[in-house]
Amino acid sequence: MKVKNIRKYLTEEQITERVKAMGEQISKDYGGETVYLICILKGGVFFTCELAKRLKVPVSMDFMAASSYGNEVKSSGQLMITKDLDDDIDGRHCLIVEDIIDSGNTLSKICGLLAARNPASLKIATLLDKPDRREVDVEVDYTGFVVPDKFIVGYGLDYAQKYRNLPYLGEVEFVDE
């Protein structure tokens, strides 16, 4: 598959406005409590940074990377943590920050792993939610945009490690090589 075209799906301005609104709601919900942001790498880094700038509560941040794919195209079903948190989350208000939730498989396993570490609370914020692809029920607390089952890049989302740096979200049109 080769990328033929990337059609703008959401503009940088639309994303900025939505992230600002999410930041206001999260700040209100946490009511002054320190929020421990858990960025899921790699795609979540753009959204996490933008969201953190808009929170009006104290923030600390860490990063986690996980895979259930290894070197395969299809998920093995086994969760492999490739980068774990540096800090203990016992008693902390944790907010997992994702770029996109589709099947929910990996995120569901991450939530189970983190819940066992005794956080004061554990919530999820995602820039994009793709419910048509959901295989596992995952309760998402804060959603930027609900999107159809289309391949989207930009603002942290990639295709073959490319296009993450686009400031907007674009729908990829592929052609066979």
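Numbering-wise, my numbering comes out as the position in the sequence shown, counting from 1, plus 1033. Every residue gets a Cβ at the ideal spot worked out from N, C-alpha and C, and that includes glycine.
- If you look at Thr1115, you'll find it in the beta strand (DSSP E) that goes Met1113 to Lys1116.
- One alpha carbon belongs to Cys1127, the other to Lys1086, and they sit about 17 Å apart.
- The beta strand (DSSP E) runs of length 3 or more contained entirely in the stretch 1123-1188 are, from start to end of the chain, 1126-1134, 1154-1162 and 1175-1179.
- A check of alpha carbon separations from Phe1178 across Tyr1069, Lys1053 and Tyr1196 identifies Lys1053 as the nearest.
- Under the three-state reduction of DSSP output, Asp1095 falls in the strand class.
- Straight across, the Cα-Cα distance linking Asp1062 with Ala1153 is about 14 Å.
- In the DSSP assignment, Lys1061 falls within the alpha helix (DSSP H) that extends over Glu1045 to Tyr1063.
- Closest in alpha carbon position to Ile1122, among Leu1140, Glu1210, Ala1149 and Leu1160, is Ala1149.
- Sequence-distant partners of Lys1183 (beyond 5 residues in either direction) whose C-beta falls short of 7 Å from its own C-beta, in its chain, are Glu1204.
- DSSP places Val1036 in the strand class (E or B) of the three-state scheme.
- The shortest C-alpha to C-alpha distance from Val1036 to any of Cys1082, Val1186 and Val1092 is the one to Val1186.
- The DSSP-derived three-state label of Lys1075 is coil.
- Taking the C-beta atoms as reference points, Val1169 is found nearer than 7 Å to Ser1141.
- Pairing Arg1166 with Ile1134, the inter-Cα distance amounts to about 9 Å.
- The beta carbon of Val1130 is closer than 7 Å to those of Leu1070, Ile1071, Cys1072, Ile1073, Gly1077, Phe1080, Thr1081, Leu1084 and Ala1158 in its chain, skipping five residues each way along the sequence.
- Per DSSP, Leu1202 is one residue of the beta strand (DSSP E) stretching across Leu1202 to Val1208.
- Under DSSP, Val1068 shares a beta bridge with Val1092 and His1126.
- Spanning the alpha carbons of Ile1039 and Lys1195 requires a straight line of approximately 12 Å.
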